[in-house]
Structure formats: structure tokens, C-alpha cells
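Input: a single structure, listed below in C-alpha cells.
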Amino acid sequence: MSVKVHFSNGESIVISKETRISAWNSLDKDPDGYYAEGVFSGSNIDSPDLGTSYQHIGLMGLFGSTDWFAIGLDFKNTYKTSAIVSLEETPW
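Counting in numbering that gives the first Met the number 0, the sequence shown runs from 0 upward without gaps.
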């Protein structure tokens, strides 16, 4: 089972149980500049934090409590959680 994440710009991504997710919260500016604090790194398989009975429930909690997230290992695309419109559970 996977979850399709729909964004306000019409883009969507699919997150499977094996997809590695990293999430951050933005921090206020300090004397050295702006930063984000990493608060989660893992997948539905290797993290009890996302290991809820339904994958989309764990993702709802993660996305509702963080500011940014990325999937995969390279952080090529980082997504703003406030741009998420809906989560759709998919059979694949």
C-alpha cells in the first residue's frame, strides 16, 4: 500500500512503505543565520514513529507537525508541508 501526496500546485508524489522520508522544522534566525532542525529520518518499515496501522495516518501526523520534508536520500526536492492539499491511500 502507498500514499499519494497531492500539492496545491497540482503536483503529486507517491510514498510507499519503503520510501525514506526526512523532515525538518524551520528555526528562527540566530547570529549565524537561518537553519532548519531535522526532526525525522526513516521509512514506514524502519521507524516505529510511522508504523501506525494505516500508513497515511502516520504521514498525517508527520506532515502536520513539521514544516518541510524530502523523500529519498539526495534531498533533490524539498517540499513545504503547508502546500499539501490531501493524502490518498492507493492500492499500489
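A virtual CB, placed ideally from N, CA and C, is assigned to each residue, including glycine.
| Check | Outcome |
| --- | --- |
| Contacts around residue 79, its chain only, beta-carbon distance under 8 Å, and the 5 residues preceding and following it disregarded | 66, 67 |
| Boundaries (first-last residue) of the alpha helix (DSSP H) holding residue 56 | 54 to 64 |
| Extent of the continuous beta strand (DSSP E) run through residue 23 | 20 to 25 |
| Own chain, CB closer than 7 Å to residue 1, minus 5 neighbours either side, in chain order | 13, 14, 15, 89, 91 |
| Beta-carbon gap between residue 48 and residue 39 smaller than 9 Å | yes |
| Among 72, 42, 75, 60, the one whose alpha carbon lies nearest that of residue 83 | 60 |
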